[in-house]
Structures are given as structure tokens and as C-alpha cells.
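Trainee:
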Amino acid sequence: ARAPVPPGPAAALLRALGLRDAPQGAPTLRSVPPVMWRLFRRRDPQETRSGLRRTPPGTTLRPCHVEELGVAGNIVRHIPDRGAAARPPEPASAAGQCPAWTVVFDLSAVDPAERPSRARLELRFAAAAAPASGWELSVAQAGEAAGPGPGAVLLRQAVPALESPVRAELLGAAWARNASVPRSLRLALALRPRGPAACARLAEASLLLVTLDPRLCHPLARPRR
Amino acid sequence: EAEPAAGGGLGGACRARRLYVSFREVGWHRWVIAPRGFLANYCQGQCALPAALSGPGGPPALNHAVLRALMHGASPGAGGLPCCVPARLSPISMLFFDNSDNVVLRHYEDMVVDECGCR
Numbered sequence: 001a002r003a004p005v006p007p008g009p010a011a012a013l014l015r016a017l018g019l020r021d022a023p024q025g026a027p028t029l030r031s032v033p034p035v036m037w038r039l040f041r042r043r044d045p046q047e048t049r050s051g052l053r054r055t056p057p058g059t060t061l062r063p064c065h066v067e068e069l070g071v072a073g074n075i076v077r078h079i080p081d082r083g084a085a086a087r088p089p090e091p092a093s094a095a096g097q098c099p100a101w102t103v104v105f106d107l108s109a110v111d112p113a114e115r116p117s118r119a120r121l122e123l124r125f126a127a128a129a130a131p132a133s134g135w136e137l138s139v140a141q142a143g144e145a146a147g148p149g150p151g152a153v154l155l156r157q158a159v160p161a162l163e164s165p166v167r168a169e170l171l172g173a174a175w176a177r178n179a180s181v182p183r184s185l186r187l188a189l190a191l192r193p194r195g196p197a198a199c200a201r202l203a204e205a206s207l208l209l210v211t212l213d214p215r216l217c218h219p220l221a222r223p224r225r
Numbered sequence: 001e002a003e004p005a006a007g008g009g010l011g012g013a014c015r016a017r018r019l020y021v022s023f024r025e026v027g028w029h030r031w032v033i034a035p036r037g038f039l040a041n042y043c044q045g046q047c048a049l050p051a052a053l054s055g056p057g058g059p060p061a062l063n064h065a066v067l068r069a070l071m072h073g074a075s076p077g078a079g080g081l082p083c084c085v086p087a088r089l090s091p092i093s094m095l096f097f098d099n100s101d102n103v104v105l106r107h108y109e110d111m112v113v114d115e116c117g118c119r
């Protein structure tokens, strides 16, 4: 039997950095979300350092902690919805029974060793007019079929307005807090007006996933209790 | 892009020197969004006495390194001098696209040499 070809130094380095393969490059039509830029600028120690000068006291951030989101973690992923292309076009402003949408997130890039600390669903809706009493968002498990038939409802929450993104925490609802991240996530979403109003349209869905990979978290860097 | 050592060799005391790692040079610029590179630095220099004792504010010298430098002073060639290596490192964050078109922010420990020492 032929022995497997040993990986080159570049592959070994990428594995040390927690990557299975060298990424191919920037995808077309995929911009960097502002939240990721914000998190990067806040985390980057070289933003406050030049040359060999030491980081001034008091400016160091807690290691393995995402300050802006207030959770433990050393990896933040912005995961786009894969279900958008398969969704049928919606009627412009149908009243009455509002449609449900199936969103799909590919989480296969997450290593089983990573421990999730936040899974924030971020949704942008477009609506012609807002009902006085707002909306209600429901998130349910979706089956494997392409149809939007919802399963068990995972969470419901009131949405007063749609001007800013609607956020919902999925950790503890879509999967248990102490469980590994699933390989993929299919959700059925519905946004119903709490009063007479036209239905809203789902413009964009994404998942902000924060995980902690203990292998990348240096034990000496952790603050002593 | 590295700062050349004084005299073109290992001259000078052990200390951190400038080394800028450019992701374009490494060929990672197509998927690393930010930073474009970072100041990784490196350690170079002699670990003979008194450098092996480390200056004020520097990393504490290892007893073993001091004794080895002493031994080398008394009898050059016996075991050689201690090594000039990173003594304090700091992390960087990288923002990149992965193969699933996700935008990923990862925090990596021990990427920048802040301080060198004789070990």
C-alpha cells in the first residue's frame, strides 16, 4: 500500500491555525458585514501598537473573550443563509396569512471541539407599513424537505419595529448550550403582524456564531483566579 | 521585511528585531481580509555575558542560561551559548473568508514577539 503523501509545511501551518484547507479566496458578491469589522477593530492588539512598543497598560483585552458580545470565545463566524436561492418569490404585500421562510445555515466548518457561546440569528425585513402593535417572530425547526412546513417552535419574540435588524438568540433554543454545534441548521421563520397590516418580506438572514476553541486559548494567558 | 542584524551576522545582544509578515508575500491575501500583515518580529543576538543576565525591565534570566554563558566564557565551545528566543509573545486577530463563504474572526495567541531572552 502506498503511504499517504505527507502534507507540506503550508498545510501543517494552516492546521496549526485551525484551518482544514487553504481557503480559496474571497467569494463574489459577499461583503464583510459591519459587525465583523467592528469586532476585528476592537480585538486587534496591533491597532494600539506600533513597532516594538509594548501595549500600554490597561488596553489589553481579556483573552478568549469577545468583549462586544459579552461571551467567552476566540472564533466569531458570520454565516450567510443558504436557503435564500431556493425560496419562491413572495407576493409584494400579501395581507392575511403571511408566508413562512426556511433559512439554512451550513455549520460544517465548525470543529466538534469548539464550544458555542452565542448563536445570534440576525434578520432584516422589509415592510410597506408597520402595524401599531408591532410584529411577532416565531422560529421553528424546519424539516429536510424544501417546503417551509414548521416543526416544533423554538422561540417566539415580540418585534416592535423592523427598521433595525431583528436578533434572536438560538443557543439553548435550537440546540442545547452544552452540546456541539450541529452540521447544519434549518429553521422555519414567520413574522406575523399583531394587527391589520400587510406582510413583511424577509430581506436577509445570517447567523453570528461565537465559539471557544480551547486548543487556541493559551492556558497561561487566562487570568488567574 | 526584516530588520538586518547589526554587522550582517549575529552581532549585538539578544533582543527583538522587526519582522513584518506580509500576507501578500505568503500568498494568503486572497482570503485574509484583515490585517494585510502584522509585525511578528523575531529574536536575534548574542547570549554571552552580560546579555545573558538580561537588562533591567527585560525577562528574568534562567539560571541555566547564566551558568551556560559563564561556562562558555571560561571554556569557549563547551556546549555553546544559550539561545536567543522569544520570552514574551502577544496575540493577533485575523479576519478572513473560509471555504464555506463565512466571514470568520479568529484570535491567535503567540503570534508577535514582544520580548526576547537567553534560554
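Read top to bottom, the protein sequences are chains A and B. Mapping to the numbering used here: the first sequence position 204 is 204, numbers consecutive. Mapping to the numbering used here: the second sequence position 34 is 34, numbers consecutive. Cβ coordinates follow ideal geometry from the N, Cα and C atoms, glycine included.
Over the uninterrupted beta strand (DSSP E) stretch that includes residue 87 of chain B, give me the two end residues.
Mentor: The residue you call residue 87 of chain B lines up with position 87 of the second sequence. Segment 84-97, the beta strand (DSSP E) holding residue 87 of chain B.
Trainee: Quick check: is the beta carbon of residue 39 of chain A nearer than 8 Å to any beta carbon in chain B?
Mentor: As a position in the first sequence, residue 39 of chain A is number 39, starting the count at 1. Yes, residue 39 of chain A lies at the interface with chain B (some Cβ there is under 8 Å from its Cβ).
Trainee: Specify whether the segment 97-113 of chain A and the segment 201-209 of chain A touch according to this definition: at least 3 beta carbon pairs, one from each stretch, less than 8 Å apart.
Mentor: Judged by Cβ distances under 8 Å, the segment 97-113 of chain A makes contact with the segment 201-209 of chain A, as three or more pairs qualify.
Trainee: Where DSSP assigns a beta bridge to residue 32 of chain B, which residues make up the other side?
Mentor: Within the second sequence, numbered from 1, the residue matching residue 32 of chain B stands at position 32. In DSSP, residue 32 of chain B forms a bridge with B:96.
Trainee: Excluding the five sequence neighbours on either side, which residues of its own chain have a C-beta within less than 8 Å of the C-beta of residue 30 of chain A, listed in chain order?
Mentor: As a position in the first sequence, residue 30 of chain A is number 30, starting the count at 1. Excluding positions up to five away in sequence, the list reads 80.
Trainee: Just curious, the alpha helix (DSSP H) that residue 73 of chain B is in, first and last residue?
Mentor: Taking the second sequence and counting its residues from 1, one reaches residue 73 of chain B at position 73. Looking at the DSSP string, the run of the alpha helix (DSSP H) that includes residue 73 of chain B is 63-74.
Trainee: Please work out which residues of its chain come closer than 7 Å, Cβ to Cβ, to residue 23 of chain B, disregarding the five sequence neighbours upstream and downstream, and give them in chain order.
Mentor: Reading the second sequence from its first residue, position 23 is the one you call residue 23 of chain B. These residues qualify, in order along the chain: 29, 32, 36, 37.
Trainee: Within 8 Å (strictly less), CB to CB, does residue 51 of chain B reach chain A?
Mentor: For the purposes of this step, residue 51 of chain B is taken as residue 51 along the second sequence, with counting starting at 1. Cβ-Cβ to chain A under 8 Å: no for residue 51 of chain B.
Trainee: Pull up the distance between the alpha-carbon of residue 86 of chain A and that of residue 153 of chain A, whole angstroms please.
Mentor: As a position in the first sequence, residue 86 of chain A is number 86, starting the count at 1. As a position in the first sequence, residue 153 of chain A is number 153, starting the count at 1. So the two alpha carbons sit approximately 22 Å from each other.
Trainee: With a cut-off of 8 Å on the beta carbons, I'd call residue 189 of chain A and residue 101 of chain A a contact; round off their distance for me.
Mentor: By 1-based counting over the first sequence, the position of residue 189 of chain A is 189. By 1-based counting over the first sequence, the position of residue 101 of chain A is 101. Confirmed, Cβ separation roughly 5 Å.
Trainee: Confirm, please, whether the CB-CB distance from residue 115 of chain B to residue 16 of chain B is below 8 Å.
Mentor: Counted from its first residue, the second sequence places residue 16 of chain B at position 16. Counted from its first residue, the second sequence places residue 115 of chain B at position 115. Contact flag set, yes.
Trainee: For the segment 107-167 of chain A, list the beta strand (DSSP E) runs that are entirely contained and at least 3 residues long, ordered along the chain.
Mentor: List check, beta strand (DSSP E) in window: 115-126, 135-142, 150-159.
Trainee: Under 8 Å, Cβ to Cβ, is there at least one residue of chain A near residue 95 of chain B?
Mentor: Reading the second sequence from its first residue, position 95 is the one you call residue 95 of chain B. Yes, residue 95 of chain B lies at the interface with chain A (some Cβ there is under 8 Å from its Cβ).
Trainee: Distance, Cα to Cα, residue 12 of chain A vs residue 26 of chain B?
Mentor: Stepping through the first sequence from its first residue, residue 12 of chain A is reached at position 12. Stepping through the second sequence from its first residue, residue 26 of chain B is reached at position 26. Their Cα atoms are separated by approximately 14 Å.
Trainee: Just the C-alpha distance for residue 122 of chain B and residue 155 of chain A, rounded to the nearest angstrom, thanks.
Mentor: Absent from the model: residue 122 of chain B. The displayed extent of chain B is 1 to 119, so no value can be given.
Trainee: Nearest-angstrom Cα distance between residue 78 of chain A and residue 180 of chain A?
Mentor: Within the first sequence, residue 78 of chain A is the residue found at index 78, counting from 1. Within the first sequence, residue 180 of chain A is the residue found at index 180, counting from 1. C-alpha separation (whole angstroms): 18 Å.
Trainee: Hey, out of A:130, A:157, A:111, whose CA is closest to residue 121 of chain A's CA?
Mentor: Against the first sequence, residue 121 of chain A aligns to sequence position 121. Comparing Cα-Cα distances from residue 121 of chain A to each of A:130, A:157, A:111, the minimum goes to A:157.
Trainee: Mind reading off the beta-carbon distance from residue 136 of chain A to residue 194 of chain A? Whole number of angstroms is fine, and I expect it under 8 Å.
Mentor: As a working note, residue 136 of chain A is residue 136 in the first sequence. As a working note, residue 194 of chain A is residue 194 in the first sequence. 6 Å between Cβ atoms; contact.
Trainee: Quick check: is the beta carbon of residue 81 of chain A nearer than 8 Å to any beta carbon in chain B?
Mentor: Residue 81 of chain A sits at position 81 when you count from the first residue of the first sequence. By this cut-off, residue 81 of chain A is not an interface position.
Trainee: Which residues bound the beta strand (DSSP E) around residue 80 of chain A?
Mentor: Locating residue 80 of chain A in the first sequence gives position 80, where the first residue counts as 1. Looking at the DSSP string, the run of the beta strand (DSSP E) that includes residue 80 of chain A is 75-80.
Trainee: Please confirm whether residue 17 of chain A has its beta-carbon closer than 8 Å to some beta-carbon of chain B.
Mentor: Locating residue 17 of chain A in the first sequence gives position 17, counting from the first residue. Chain B contact via Cβ: present.
Trainee: To which residues does DSSP link residue 105 of chain A through a beta bridge?
Mentor: Residue mapping note: residue 105 of chain A aligns to position 105 of the first sequence, counting from 1. A:185.
Trainee: Which chain B residues sit within Cβ distance under 7 Å of residue 26 of chain A?
Mentor: Taking the first sequence and counting its residues from 1, one reaches residue 26 of chain A at position 26. Here the neighbours are 30, 31, 97.
Trainee: Looking at the unbroken alpha helix (DSSP H) that takes in residue 14 of chain A, where does it start and where does it end?
Mentor: If you number the first sequence from 1, residue 14 of chain A lands on position 14. Element bounds for residue 14 of chain A: 9-16.
Trainee: For a contact defined as C-beta to C-beta under 9 Å, what are the partners of residue 171 of chain A on chain B?
Mentor: Counting from 1 along the first sequence, the entry for residue 171 of chain A is found at position 171. Result: empty, since nearest Cβ-Cβ is about 17 Å, beyond 9 Å.
Trainee: Pick helix, strand or coil for residue 119 of chain B, following the three-state DSSP scheme.
Mentor: If you number the second sequence from 1, residue 119 of chain B lands on position 119. The answer is coil: DSSP assigns residue 119 of chain B none of H, G, I, E or B.
Trainee: Pull up the distance between the alpha-carbon of residue 214 of chain A and that of residue 111 of chain A, whole angstroms please.
Mentor: Mapped onto the first sequence, residue 214 of chain A falls at position 214. Mapped onto the first sequence, residue 111 of chain A falls at position 111. Cα-Cα distance, rounded: 11 Å.
Trainee: For the segment 32-45 of chain B, which residues have a beta carbon sitting closer than 8 Å to at least one beta carbon of chain A?
Mentor: If the cut-off is 8 Å between Cβ atoms, the segment 32-45 of chain B has 33, 34, 35, 38, 39, 41 near chain A.
Trainee: Kindly indicate if chain B contains any beta-carbon less than 8 Å away from that of residue 121 of chain A.
Mentor: Numbered from 1 along the first sequence, position 121 holds the residue referred to as residue 121 of chain A. With 8 Å as the cut-off, residue 121 of chain A does not count as an interface residue toward chain B.
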